[in-house]
Structures are given as C-alpha cells and as structure tokens.
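First up is the structure itself, then whatever we jot down about it.
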Amino acid sequence: MENLVVWILIFAGATIGLLATFLLASERQLQQAEEQEAQVKSNQTADAAQLSTYATPRGEEFHAGEPHNELVREITKLNNEIKSSQAMVTELQEWLVHSQRRQQDLTERADRLETELDAYRRQPKTASRADEGRREETLIELNAPQSETVVTHPPVSREQHEELTRAAERLRQQGAEDCARIDELEGARRQLVESNRATNEDNQRLRAQVDELRQQLQGCNEARERWQHAHMVLGGIAAKQAACAGSAQEVQHALLQLTEFMVSGNSAQLSAPTPEPAKDSHDDPVELSERQVFFSPPLADNRADRRLRHRTDTRADMASSALAITVFVFAIGILVSQTWRLNPAEPPANGDGTSAQKSLSNGKAGATERTTGEPPQKQTAQLTEANADERVEAQAGTK
6 MENLVVWILI FAGATIGLLA TFLLASERQL QQAEEQEAQV KSNQTADAAQ
56 LSTYATPRGE EFHAGEPHNE LVREITKLNN EIKSSQAMVT ELQEWLVHSQ
106 RRQQDLTERA DRLETELDAY RRQPKTASRA DEGRREETLI ELNAPQSETV
156 VTHPPVSREQ HEELTRAAER LRQQGAEDCA RIDELEGARR QLVESNRATN
206 EDNQRLRAQV DELRQQLQGC NEARERWQHA HMVLGGIAAK QAACAGSAQE
256 VQHALLQLTE FMVSGNSAQL SAPTPEPAKD SHDDPVELSE RQVFFSPPLA
306 DNRADRRLRH RTDTRADMAS SALAITVFVF AIGILVSQTW RLNPAEPPAN
356 GDGTSAQKSL SNGKAGATER TTGEPPQKQT AQLTEANADE RVEAQAGTK
C-alpha cells in the first residue's frame with residue numbers, strides 16, 4: 006500500500022512537471038511572438054515617413070513637396086531638355102547639310118576659277134583681246150553668286166586679274182573656315198548625343214528607383230499583413246495560455262484532494278478495530294466441546310485475523326490500483342488537451358475561426374472517446390463511484 010502511494014505521488018509529480026514544461030514553452034512562444042510584433046511595429050514606424058509618400062497601386066496622386074513629386078518634376082524637366090536638345094540637333098543637322106552644300110559649291114567654283122587662271126597663265130602674251138575678254142567674263146561669271154544675273158563686262162586688266170586672284174584666296178579661306186565650323190558643329194552634335202544618352206540613362210535610373218520604391222511599398226504592405234496575422238496568433242496563444250494555467254491549477258487541486266482522500270482512507274483502515282468472531286447461542290454443547298478439543302482458541306483467532314487482514318489488504322490494493330489508474334488516465338487526457346492547445350492552428354481567411362476551433366475540439370473529444378470507449382469525465386466519475394462502493398463493502402465486511 007505504501008508503495009502504491011509513493012508511485013501515485015511520483016506520477017502526480019511527473020504530471021505537474023510536464024504541465025510546467027508546457028507552460029514554460031507556451032510562455033517562451035508568447036515572448037517570441039511579442040518580440041516579432043515589436044520588431045514589425047518598429048519597422049513600420051521607421052518606414053512610415055517613406056511609405057506615406059509613395060504611389061498607390063491605383064495611381065493616386067501625392068501631395069506637393071514630397072520625394073515622388075520631385076522625381077516626377079525632375080523626369081519632366083529631363084524630358085523637356087531631351088526634346089529641346091533633339092530639336093537643336095535637328096536644326097544643327099540641317100544647317101550642317103546646308104553648309105556642306107555651300108562648301109561643295111564654293112569648292113567647285115574655286116576649282117573652276119583656278120583652272121581658268123592656270124589656263125590664262127599658260128596662254129602666250131600674243132593672245133588676242135577677244136580671248137582675254139571672254140576668259141575674264143567667264144571668271145566674273147564663275148565668281149558671281151548663282152542668284153545674280155550674269156552681266157557682260159569689258160576686258161579686265163592686270164589689276165582686275167589680281168583682284169580675282171585675291172577673291173579666289175578669300176573663297177579658299179572662307180571654305181577652310183566653313184570646314185572648321187563644320188567640325189565644331191560636328192563636335193557639338195556629338196556632345197549633344199552624349200548628353201542625350203546621359204539624360205536617357207538618368208531617366209532609366211529614376212524609373213528604376215520608382216519601381217524599387219513601389220516594390221518596397223508592396224513589401225511593407227505584405228509586412229503589415231504578416232503583423233496582423235501575428236497579432237491574431239498572439240491573441241490565440243494568450244487565451245490558450247490562460248486556459249492552460251487554469252487547467253494546471255485544477256489538476257493540482259484534484260491531485261491534492263486525491264492524496265488527502267487516500268491518506269484519510271489508509272488511516273481509517275489502520276485505526277479500524279479487529280472484528281471478533283460471532284458466537285452462536287444455539288450451538289450444540291457437544292459440538293462446542295469437540296470444537297474446543299480439536300481447535301485451540303488462539304489458533305482460530307489468528308486464522309480469522311489473517312483472513313480478515315488479507316481481504317482488507319486485497320480490497321485496499323484494488324482501490325489504490327483503481328485510483329492510480331484513474332489519476333494516470335486523467336493526467337494523459339490533460340496532457341493531450343494541453344498539447345493540442347499549445348499547437349495553435351492558423352486563423353482561417355474567411356473569418357470562421359470559432360467554428361474551426363469548435364470542430365477541432367469536437368474532433369479531439371471524439372478521438373479521446375474512441376481510444377477509451379467513454380469520455381474522460383465519465384470514466385473518472387465511474388471509477389470514483391466504484392472505489393467508494395468497494396470501500397463501503399470492505400468496511401461492512403470488516404464489521
């Protein structure tokens with residue numbers, strides 16, 4: 006009997022230790038959830054100033070003076086500069102084409118003039134005035150602009166020939182200046198192309214920044230959803246922790262009551278008087294004398310005492326075993342329920358969390374009933390009643 010009490014106390018201590026372990030695990034999980042919630046809140050507070058200025062997915066406008074508006078204005082300014090630079094490049098290209106045509110015309114006219122001058126130098130001095138006049142007219146015609154009307158001039162002298170030579174030199178210098186200017190314009194065009202390319206790169210970079218900011222906004226929205234989900238899970242864990250603490254107190258109280266009940270039962274059994282054998286007044290004197298002859302009174306009393314004690318110990322052992330089995334089954338049921346409580350399920354998306362939890366609790370209760378045959382509360386009550394009946398019968402038998 007004493008060994009059974011010791012084993013029952015050991016089982017009770019192990020059960021309380023397991024429940025304490027589960028409580029510590031739930032508190033640790035609750036602290037982790039609180040730390041995660043605090044971290045999410047700090048991240049949202051740090052990013053609030055930036056996230057409030059970003060564009061929404063539907064393209065809502067921002068307030069003036071915010072970073073996105075500055076980026077938009079900068080992009081618009083760059084686009085305007087690109088358009089103006091493109092117009093300038095087009096204008097310079099047209100002017101370059103016109104300059105090239107003009108340079109080509111001037112080059113052709115200079116070549117013709119130089120050819121005529123060479124021919125004039127090779128001619129003998131005995132050439133006639135008529136030929137000289139025709140050559141001079143040809144030179145004047147070549148030197149004159151294309152829009153002007155060709156006018157015949159009288160024959161030129163040596164001074165006029167020198168003037169024509171100087172005019173040809175001036176044309177060559179002007180052509181060289183035009184070439185230099187064309188080179189300058191070509192360099193300017195290249196610079197404009199480079200600036201246009203740099204502007205396009207800046208525009209692409211700004212667009213990439215805008216896309217990155219939108220992705221950050223989307224990530225922050227997802228983080229806010231995760232924080233809400235963590236908050237819901239944290240509420241469920243807190244409720245289950247409170248329920249677990251209450252159930253642990255109930256288990257401890259029940260174990261204390263069972264221990265007191267067993268101690269009181271043992272003390273009552275030990276303090277019960279030894280029953281005396283009943284005397285029958287109707288016994289035959291002869292049989293009584295024979296019984297006294299063949300059986301000694303001390304031996305009969307010892308046998309009766311041993312039988313009574315054996316029956317009492319057997320019934321006490323059965324009662325203790327039943328109590329130990331009851332406590333063990335009750336502890337297993339509590340451990341199963343606490344294990345289910347410490348593994349919270351995710352809340353459903355459609356808001357039917359109450360019905361889902363009820364269905365899960367009903368499933369757990371059904372599984373317990375299938376494994377034991379009956380609900381744990383009913384089994385405990387039946388075992389308690391059976392133990393009480395056995396104690397009453399034992400006390401009646403001893404009396």
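For the sequence shown, the numbering used here assigns the number 6 to the initial residue and increments by one for each residue that follows. Where a beta carbon is used, it is the ideal one built from N, C-alpha and C, also for glycine.
Just the C-alpha distance for E168 and T204, rounded to the nearest angstrom, thanks.
Within the sequence shown, residue 168 is the residue found at index 163, counting from 1. Within the sequence shown, residue 204 is the residue found at index 199, counting from 1. Rounded to whole angstroms, E168 to T204 spans 52 Å at the Cα level.
Tell me whether the beta-carbon of E119 lies closer than 9 Å to the beta-carbon of A173.
Indexing the sequence shown from 1 puts residue 119 at position 114. Indexing the sequence shown from 1 puts residue 173 at position 168. E119 places its beta carbon less than 9 Å from that of A173.
The region 20-38 touching the region 262-269, judged by at least three CB pairs closer than 8 Å:
No contact exists between the region 20-38 and the region 262-269.
Between L97 and A213, what straight-line distance do the alpha-carbon atoms span, to the nearest angstrom?
Sequence index remark: in the sequence shown, residue 97 carries index 92 (1-based). Sequence index remark: in the sequence shown, residue 213 carries index 208 (1-based). So the two alpha carbons sit approximately 33 Å from each other.
Work out the CA separation of D322 and V11 for me, nearest whole Å.
For the purposes of this step, residue 11 is taken as residue 6 along the sequence shown, with counting starting at 1. For the purposes of this step, residue 322 is taken as residue 317 along the sequence shown, with counting starting at 1. Roughly 13 Å between the two C-alpha positions.
For S200, collect the residues of the same chain with a Cβ closer than 7 Å to its Cβ; drop the 5 residues on either side in sequence, then sort them by chain order.
Start at 1 with the first residue of the sequence shown, and residue 200 comes out as number 195. Correct list, in chain order: S90.
Could you say which of R177, R186, V215, E191 lies nearest to R78 if we only look at CA atoms?
If you number the sequence shown from 1, residue 78 lands on position 73. Taking only the C-alpha atoms, the option nearest R78 is V215.
My understanding is that A410 touches L28, with C-beta atoms under 8 Å, so please give their C-beta distance in whole angstroms.
Past the edges of the chain, shown from 6 to 404, lies residue 410, and the structure says nothing about it.
What's the gap between the Cα of Q382 and the Cα of A248?
Taking the sequence shown and counting its residues from 1, the one referred to as residue 382 is at position 377. Taking the sequence shown and counting its residues from 1, the one referred to as residue 248 is at position 243. Confidence in Q382 is poor, its pLDDT being 49 and thus under 50, which makes the residue's placement too unreliable to answer from.
Nearest by alpha-carbon distance to L211: which of S104, Q109, M93, I80 is it?
To locate residue 211, count along the sequence shown from 1; it is residue 206. That would be I80, whose Cα lies nearest to the Cα of L211.
With H, G and I counted as helix, E and B as strand and the rest as coil, what does DSSP make of A372?
The sequence position of residue 372 within the sequence shown is 367, counting from 1. Reliability fails at A372, whose pLDDT of 42 lies under 50, so the model's placement of it is uncertain and the value that follows must be treated cautiously. DSSP places A372 in helix when its eight states are reduced to three.
Considering only C-alpha positions, which residue in the set L14, Q179, A329, M267 is nearest to D110?
Residue mapping note: residue 110 aligns to position 105 of the sequence shown, counting from 1. For the residues L14, Q179, A329, M267, the minimum Cα distance to D110 belongs to Q179.
Report the residue from D116, Q257, M93 whose alpha carbon sits nearest the alpha carbon of L176.
Position 171 of the sequence shown, counted from the first residue, corresponds to residue 176. Answer by Cα proximity: D116.
Near the ligand MG: A124 beta-carbon under 8 Å from a heavy atom:
Absence of the ligand MG is noted for the structure shown, with no ligands found whatsoever.
If I'm right that N208 touches L83 with Cβ under 8 Å, what's the distance once you round it to whole angstroms?
Within the sequence shown, the letter at position 203 stands for residue 208. Within the sequence shown, the letter at position 78 stands for residue 83. Confirmed, Cβ separation roughly 6 Å.
Looking at L23 and S252, is the spacing between their C-beta atoms short of 9 Å?
Taking the sequence shown and counting its residues from 1, one reaches residue 252 at position 247. Taking the sequence shown and counting its residues from 1, one reaches residue 23 at position 18. The criterion of a C-beta distance shorter than 9 Å is not satisfied by S252 and L23.
Report the rounded CA-to-CA distance for C184 versus Q220, giving the unit in angstroms.
As a working mapping, residue 184 is identified with position 179 in the sequence shown. As a working mapping, residue 220 is identified with position 215 in the sequence shown. The alpha-carbon atoms of C184 and Q220 are separated by roughly 53 Å.
Check whether the Cβ atoms of V256 and I339 sit closer than 9 Å, and answer yes or no.
As a working mapping, residue 256 is identified with position 251 in the sequence shown. As a working mapping, residue 339 is identified with position 334 in the sequence shown. A Cβ-Cβ contact shorter than 9 Å links V256 with I339.
Neighbour-count burial assignment, L293, 16 or more Cβ in a 10 Å radius:
Against the sequence shown, residue 293 aligns to sequence position 288. Because the pLDDT of L293 is 46, which lies under 50, any placement of that residue in the model is unreliable, and the question is left without a value.
Going by CA-CA distance only, name the one from L9, N8, F16 that's closest to F333.
As a working note, residue 333 is residue 328 in the sequence shown. When only C-alpha atoms are compared, the closest one is F16.
Going by C-alpha to C-alpha distance, which of L218, G241, A228, R231 sits closest to L76?
Residue 76 sits at position 71 when you count from the first residue of the sequence shown. Check the Cα spacing between L76 and each of L218, G241, A228, R231: the tightest is with L218.
9 Å Cβ cutoff met for N187 and L122:
Sequence index remark: in the sequence shown, residue 187 carries index 182 (1-based). Sequence index remark: in the sequence shown, residue 122 carries index 117 (1-based). It should be noted that the sequence gives Ile, not Asn, for residue 187. Between I187 and L122, the CB-CB gap reaches or exceeds 9 Å.
Kindly indicate which residue of T95, G18, A324 has the alpha-carbon position closest to the one of E191.
By one-based count along the sequence shown, residue 191 stands at place 186. It is T95 whose Cα lies nearest to the Cα of E191.
C-beta contact flag for Q254 and E32 at 9 Å
Walking along the sequence shown from the start, residue 254 turns up at place 249. Walking along the sequence shown from the start, residue 32 turns up at place 27. The Cβ atoms of Q254 and E32 lie no closer than 9 Å to each other.
Within 10 angstroms of its Cβ, does M93 collect 16 or more other Cβ (buried), or is it exposed?
Taking the sequence shown and counting its residues from 1, one reaches residue 93 at position 88. A residue is called buried once 16 or more other Cβ atoms fall within 10 Å of its Cβ, and M93, having fewer, is exposed.
Beta carbon of L239 nearer than 9 Å to that of E42
Locating residue 239 in the sequence shown gives position 234, where the first residue counts as 1. Locating residue 42 in the sequence shown gives position 37, where the first residue counts as 1. Here L239 is near E42, since their CB atoms are less than 9 Å apart.
Which residues in the same chain have their Cβ closer than 6 Å to the Cβ of S269, if we skip the five residues on either side of it in sequence?
Translated into positions along the sequence shown, residue 269 becomes position 264. Closer than 6 Å at Cβ, skipping near neighbours: no residue.
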